[in-house]
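Engineer: Residue numbers (our numbering), protein chains in the order written: chain A, 1 to 316; chain B, 317 to 611; chain C, 612 to 867. Cβ coordinates follow ideal geometry from the N, Cα and C atoms, glycine included. Would you mind keeping the following structure in view while I ask a few things?
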Amino acid sequence: MKYLRKNDCIMLGFAIVLFAVLQGLITGRVLSSFWQLNLLIVGINIIMAVSLNLINGYTGQFSLGHAGFMAVGAYVGIVLTTNFHLPFAVALLAGGVAAGFLGFLIGIPTLRLRGDYLAIATLGLGEIIRVVIMNIDYVGGAAGFKGIPHHTNFAWVFFLMLFALFFIKNFVNSNHGRACLAIRENEIAAESMGVNTTKFKVMAFTIGAAFAGVAGGLFAHCFYLVSPNSFTFMQSFNYLIMVVMGGLGSITGSIAGAFVVTFISAALASWPEFRMIIYALALILLMFYRPQGLFGYMEVTNMGIFRKIFKKGGRN
Amino acid sequence: MEFTHQVLQQLVNGISLGSIYALIALGYTMIYGIIKLINFAHGDIYMVGAYIGFYAITQAHLSIVPALLISFVVTGILGMVVEKLAYKPLRHAPRISVLITAIGVSFFLEYTSMYFVSPTPRTFPAMFGDVAINIGGIVINGQQMLILGITAILMVILTYVVHKTKTGKAMRAASFDTETAQLMGIDSDRIISITFGIGSSLAAVAGVLVGVYYNSIDPLMGIMPGLKAFVAAVLGGIGILPGAVVGGLILGVVEAFVSGFVSSTFRDAAAFAILILVLLFKPTGIFGKNTKEKV
Amino acid sequence: MANELLKATDVSEVFGGLKAVSDFNFHINKGELIGLIGPNGAGKTTAFNLITGVYQPTTGDIKFDGKSIVGLKPYQITQRGIARTFQNIRLFSELSVLENVKIAFHFHVKYGLLESVFRMGRYFKEEERIEEEARKLLKIFHLEDKAEELAKNLPYGAQRRLEIARALAAKPKLLLLDEPAAGMNPQETKELMEMIAWIRKEFGLTILLIEHDMSLVMGICERIYVLEYGMIIAQGTPADIKNDPEVIRAYLGGEA
Chain A
1 MKYLRKNDCI
11 MLGFAIVLFA
21 VLQGLITGRV
31 LSSFWQLNLL
41 IVGINIIMAV
51 SLNLINGYTG
61 QFSLGHAGFM
71 AVGAYVGIVL
81 TTNFHLPFAV
91 ALLAGGVAAG
101 FLGFLIGIPT
111 LRLRGDYLAI
121 ATLGLGEIIR
131 VVIMNIDYVG
141 GAAGFKGIPH
151 HTNFAWVFFL
161 MLFALFFIKN
171 FVNSNHGRAC
181 LAIRENEIAA
191 ESMGVNTTKF
201 KVMAFTIGAA
211 FAGVAGGLFA
221 HCFYLVSPNS
231 FTFMQSFNYL
241 IMVVMGGLGS
251 ITGSIAGAFV
261 VTFISAALAS
271 WPEFRMIIYA
281 LALILLMFYR
291 PQGLFGYMEV
301 TNMGIFRKIF
311 KKGGRN
Chain B
317 MEFTHQVLQQ
327 LVNGISLGSI
337 YALIALGYTM
347 IYGIIKLINF
357 AHGDIYMVGA
367 YIGFYAITQA
377 HLSIVPALLI
387 SFVVTGILGM
397 VVEKLAYKPL
407 RHAPRISVLI
417 TAIGVSFFLE
427 YTSMYFVSPT
437 PRTFPAMFGD
447 VAINIGGIVI
457 NGQQMLILGI
467 TAILMVILTY
477 VVHKTKTGKA
487 MRAASFDTET
497 AQLMGIDSDR
507 IISITFGIGS
517 SLAAVAGVLV
527 GVYYNSIDPL
537 MGIMPGLKAF
547 VAAVLGGIGI
557 LPGAVVGGLI
567 LGVVEAFVSG
577 FVSSTFRDAA
587 AFAILILVLL
597 FKPTGIFGKN
607 TKEKV
Chain C
612 MANELLKATD
622 VSEVFGGLKA
632 VSDFNFHINK
642 GELIGLIGPN
652 GAGKTTAFNL
662 ITGVYQPTTG
672 DIKFDGKSIV
682 GLKPYQITQR
692 GIARTFQNIR
702 LFSELSVLEN
712 VKIAFHFHVK
722 YGLLESVFRM
732 GRYFKEEERI
742 EEEARKLLKI
752 FHLEDKAEEL
762 AKNLPYGAQR
772 RLEIARALAA
782 KPKLLLLDEP
792 AAGMNPQETK
802 ELMEMIAWIR
812 KEFGLTILLI
822 EHDMSLVMGI
832 CERIYVLEYG
842 MIIAQGTPAD
852 IKNDPEVIRA
862 YLGGEA
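Spelled out as structure tokens, the structure:
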């Protein structure tokens with residue numbers, strides 16, 4: 001137990017140093033505005049990937065509608081800041097709560113489905129959310145919502161990302177998280193060990209959706225205009241790819257996956273078709289040669305190198 | 317009688333559109349039936365089929381029937397090649413790996429096509445001019461007649477193949493239980509390959525027909541119809557051939573009514589709403605049977 | 612009767628017209644070790660699935676501790692105090708042996724969602740407690756050295772023992788064991804049976820055991836029910852059963 005707490009401190013220290021360095025690079029204008037924006041997007045994508053991992057990787061439920069929850073958070077957020085002039089923090093929180101609540105409502109009926117059926121149902125729900133937004137004139141319909149204040153900065157993204165990472169890491173390493181893992185491993189056995197499987201599936205889904213909502217709020221406030229087309233199921237695929245690439249069931253993996261996918265697409269932005277072809281091939285080859293993703297179930301804090309550097313207390 | 321008239325006209329439009337969905341859904345349902353894969357690339361196969369038909373008509377100056385045949389054959393081969401290269405190596409991999417691969421294949425087909433044919437939509441040459449029959453004010457135009465005719469012919473052929481030929485029987489056996497079929501001496505790799513071939517060919521025909529119907533094709537045209545065809549397959553009961561046809565027709569009619577009487581922007585939502593309702597109330601679809609996991 | 616822990620009255624289960632279990636009447640008293648035997652397909656596992664809520668009986672009633680448990684979900688029945696193992700092992704195979712056991716403490720852990728994500732209050736204390744208890748259980752089943760291994764990497768016999776350890780972690784009053792010795796060699800089987808007898812005393816358990824191996828059931832059970840074609844054809848002490856002509860015909864037939 002002490003070991004766990006020690007790891008937390010090490011990671012927190014590391015994160016603060018990283019933040020100072022990156023913030024320095026931004027303030028000192030070393031990074032161009034293109035890469036600054038991409039740094040924000042990486043952070044947002046990490047929140048998306050890690051929250052999707054809670055659903056798909058840890059609980060073993062196949063969701064393909066994550067972009068829909070992001071859209072809900074984004075639109076709730078921008079309406080509150082732009083039309084009601086509420087503080088950014090309130091807007092983000094409201095977006096997260098709204099997305100989480102919707103996740104809860106949707107989760108109860110749909111999480112009875114398994115595997116492919118759940119995947120396709122969540123995909124459909126994500127699309128329904130998008131089409132509904134497209135038909136609300138109040139938020140600009142298909143043309144998008146204009147005049148969003150530029151509230152998102154690196155500090156917001158970084159610390160909310162850190163919060164999401166710690167929240168989900170702690171959740172997974174608790175009695176609640178173990179229940180989710182049990183569901184992933186064997187639902188019938190989990191149930192017979194006294195785990196209320198519906199409750200924990202819905203819980204994971206709700207938490208995942210809520211973080212996607214917060215990420216949506218952050219995302220929307222990076223731009224002047226946001227349209228429903230930013231939240232198609234292709235985006236949901238993208239987040240799924242980050243999670244699978246990094247490893248279903250590894251937070252370290254989700255971070256790495258978000259990082260790799262975001263930067264490869266940014267680096268190849270000038271060749272859009274090639275970018276997608278390379279991306280597609282990378283995906284297929286990854287499934288051929290390393291289907292468990294880059295990290296599998298591993299976390300950086302469990303790896304040999306990390307232990308060697310920071311070991312003293314050992315386990316327990 | 318204005319309203320009844322409109323309803324009947326939308327019904328005609330819906331059945332035409334639904335036939336297209338049915339053709340794509342057949343491939344989806346056959347492939348899912350045999351290897352339990354939601355082949356996300358199936359919609360892109362349909363797109364490739366549309367382009368092959370397009371070039372056969374505009375470059376080789378062929379008429380519609382040979383164009384359909386060429387597209388049918390070439391796309392069928394493409395489907396088999398895709399299966400061999402991308403899915404066969406993953407026969408024993410976890411389902412999610414194959415699904416992700418399918419997404420990869422889908423991207424690959426979309427963007428390599430985009431690279432070669434450019435992202436701008438192409439205009440399919442107009443056919444049939446003003447041919448149309450008018451039954452009491454309800455118009456069935458030439459394109460619709462073509463769609464209905466071709467779809468009907470293909471259904472008859474497919475039914476024959478699946479029920480009367482040796483290969484068709486093997487396909488049904490493999491889809492019922494691949495392992496047992498293998499024990500019975502059925503070469504499942506060959507059957508899977510043929511299934512991909514037939515499914516892809518049917519999708520290609522749908523692609524060409526859509527080009528004729530809407531006059532416009534583009535490299536991303538397959539995404540939505542692909543998903544909707546999957547909805548149609550689920551609606552009818554996945555893995556069941558008549559289910560795919562019925563599901564496709566119902567979906568087409570519902571969409572026609574939603575765009576005709578509500579708003580065309582809600583058309584796409586209608587398909588997914590149907591999907592959710594089916595999954596919640598009868599996940600096995602109209603023709604599906606319930607199964608229970610053995611403990 | 613205050614002494615009855617489990618009582619099934621006129622229970623039957625029909626699957627699509629086929630009677631898997633019919634007119635099932637039996638009871639288990641507190642502290643007993645009962646055997647349920649019968650040829651393959653006699654409905655033994657179906658009986659377990661009915662008791663644990665995996666299936667709902669078509670007719671009849673099952674009372675546990677005096678209260679009906681019909682209609683409850685499997686997890687609710689486990690929380691009432693019935694835990695089970697599975698004939699076809701169902702471990703959490705990608706998780707460690709220790710985690711497998713910890714999961715079964717699930718509903719005995721007393722901290723909330725906020726306490727776990729913010730690492731407050733009872734979190735550390737509770738986690739330490741279940742870690743300790745889980746390791747204690749592993750020790751009983753000679754698995755303490757393998758606590759960190761993935762369950763799927765355990766040898767077969769050890770997986771069977773882990774299933775029992777995991778079921779015990781749910782702190783049941785009634786333990787259902789579905790062919791716990793299946794696939795074990797005679798030596799392992801003998802050790803397992805001694806272990807079962809020991810844990811019954813140590814934990815004050817009542818045990819219902821499905822078994823194929825007759826000699827084994829005869830050796831440790833106090834009372835035995837014999838199932839054939841979904842019906843109870845005989846019951847009584849091992850000695851009664853051994854001499855019951857019905858049983859000899861149905862079950863022992865070739866072997867006797």
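Going by DSSP, what residue range makes up the beta strand (DSSP E) through B/V433?
Structural biologist: Per DSSP, B/V433 belongs to no beta strand (DSSP E); it is in the alpha helix (DSSP H), 411-433.
Engineer: How would you call A/Y279, buried or exposed, if buried means at least 16 neighbouring beta carbons within 10 angstroms?
Structural biologist: It counts as buried.
Engineer: Name the chain C residues that come within less than 8 Å of A/R178, Cβ to Cβ?
Structural biologist: Result: E710, K713, I714, H717.
Engineer: Counting only beta-carbon separations shorter than 7 Å, does A/K312 have a partner in chain C?
Structural biologist: In this predicted model, A/K312 has a pLDDT of only 48, less than 50, meaning its place in the structure is not dependable enough to derive any value.
Engineer: Quick one: residues in its chain with C-beta nearer than 8 Å to the C-beta of C/F697, no 5 flanking neighbours on either side, listed in chain order?
Structural biologist: Within the same chain, C/F697 has close Cβ partners E774, D789.
Engineer: Given this structure, state the Cα-to-Cα distance separating C/F735 from B/L415, to the nearest angstrom.
Structural biologist: Rounded to the nearest angstrom, the two C-alpha atoms are 40 Å apart.
Engineer: By Cβ distance, which residues of its chain are closer than 8 Å to C/T656, with the 5 residues on each side in sequence left out?
Structural biologist: Q698, D789, I821.
Engineer: Is it buried or exposed for B/N329, if we count other Cβ within 10 angstroms and need 16 for buried?
Structural biologist: Flag for B/N329 reads buried.
Engineer: Can you grab the Cα-Cα spacing for the pair A/A164 / A/S51, in whole Å?
Structural biologist: Roughly 8 Å between the two C-alpha positions.
Engineer: Check whether the Cβ of A/M11 lies closer than 7 Å to any Cβ atom in chain C.
Structural biologist: Cβ-Cβ to chain C under 7 Å: no for A/M11.
Engineer: Name, please, each residue of chain C whose Cβ falls closer than 9 Å to the Cβ of A/L181.
Structural biologist: Chain C residues near A/L181: F703, E705, L706, E710, I714.
Engineer: Less than 6 Å between the CB of B/I602 and some heavy atom of the ligand MG, yes or no?
Structural biologist: Absent from the structure shown: the ligand MG. Ligands present: none.
Engineer: Give me the residue from C/R860, C/N854, C/E737, C/A715 with the minimum Cα distance to A/A190.
Structural biologist: The option with the nearest alpha carbon to A/A190 is C/A715.
Engineer: Given that C/P685 touches chain A, what residues does it touch there, using C-beta distances under 7 Å?
Structural biologist: The contacting residues are E191, S192.
Engineer: So what's C/K618 in DSSP terms, helix, strand or just coil?
Structural biologist: Here C/K618 sits in strand by DSSP.
Engineer: At 8 Å on the CB atoms, spell out the chain A contacts of C/A781, in chain order.
Structural biologist: Going along chain A in sequence order, the residues near C/A781 (Cβ under 8 Å) are M193, G194.
Engineer: Using the C-alpha atoms, what's the distance from A/I207 back to A/A15?
Structural biologist: A/A15 and A/I207: Cα-Cα distance of roughly 23 Å.
Engineer: Based on DSSP bridge pairs, tell me the residues matched to C/K674.
Structural biologist: Its beta-bridge partners are C/K618, C/S679.
Engineer: So, are the CB atoms of C/A745 and C/K782 less than 7 Å apart?
Structural biologist: For C/A745 and C/K782, no; Cβs fall outside 7 Å.
Engineer: Give me the residue from B/A442, B/T345, B/V323 with the minimum Cα distance to B/G601.
Structural biologist: Per the Cα distances, B/T345.
Engineer: Tell me whether C/E571 sits in a helix, a strand or coil according to DSSP, three-state version.
Structural biologist: A query on residue 571 of chain C cannot be resolved here, the shown segment of chain C reaching from 612 to 867 and no further.
Engineer: For A/E187 and A/T197, I'd like the C-alpha separation in whole angstroms.
Structural biologist: Roughly 7 Å separates the two Cα atoms.
Engineer: Are the C-beta atoms of A/P291 and some chain B residue less than 7 Å apart?
Structural biologist: It does; some Cβ of chain B falls within 7 Å.
Engineer: Beta-carbon within less than 7 Å of C/A808's beta-carbon, same chain only, minus the 5 sequence neighbours each way: which residues are those?
Structural biologist: Excluding positions up to five away in sequence, the list reads I831.
Engineer: I'd like to know if B/L567 contacts chain A, where contact means its C-beta is closer than 7 Å to some C-beta of that chain.
Structural biologist: No, its Cβ sits nowhere closer than 7 Å to a Cβ of chain A.
Engineer: Please state if the CB of A/A220 and the CB of A/A74 are separated by a distance shorter than 7 Å.
Structural biologist: Cβ atoms of A/A74 and A/A220: closer than 7 Å.
Engineer: Using a Cβ-Cβ cut-off of 7 Å, state whether B/A448 counts as contacting chain A.
Structural biologist: Not closer than 7 Å to any Cβ of chain A, the Cβ of B/A448 fails to qualify, so no.
Engineer: What residue range does the beta strand (DSSP E) around C/Y836 cover?
Structural biologist: Per DSSP, C/Y836 belongs to the beta strand (DSSP E) from 834-839.
Engineer: Going by DSSP in three states, A/M303 sits in which element: helix, strand or coil?
Structural biologist: Correct three-state label for A/M303: coil.
Engineer: Applying the 10 Å Cβ sphere with the 16-neighbour rule, what's the burial state of C/G627?
Structural biologist: By the neighbour-count rule (16 or more Cβ atoms within 10 Å), C/G627 is not buried but exposed.
Engineer: Do B/L565 and B/A587 have their C-beta atoms closer together than 7 Å?
Structural biologist: Cβ distance not < 7 Å, so B/L565 and B/A587 don't count as in contact.
Engineer: Going by CA-CA distance only, name the one from C/G664, C/I680, C/F675, C/F814 that's closest to C/I751.
Structural biologist: When only C-alpha atoms are compared, the closest one is C/F814.
Engineer: Identify the contact partners of B/S491 in chain A, using a Cβ-Cβ distance below 7 Å as the criterion.
Structural biologist: Correct list: empty, because the minimum Cβ distance to chain A is about 15 Å.
Engineer: With H, G and I counted as helix, E and B as strand and the rest as coil, what does DSSP make of C/T669?
Structural biologist: Reduced to three states, the DSSP call for C/T669 is coil.
Engineer: Leaving out five residues before and five after C/E760 in sequence, what residues of the same chain have Cβ atoms less than 8 Å from its Cβ?
Structural biologist: Cβ neighbours of C/E760 beyond the five flanking positions: S707, V708.
Engineer: Rounded to whole angstroms, what is the Cα-Cα separation between B/S517 and B/I361?
Structural biologist: For B/S517 and B/I361, the distance between alpha carbons rounds to 9 Å.
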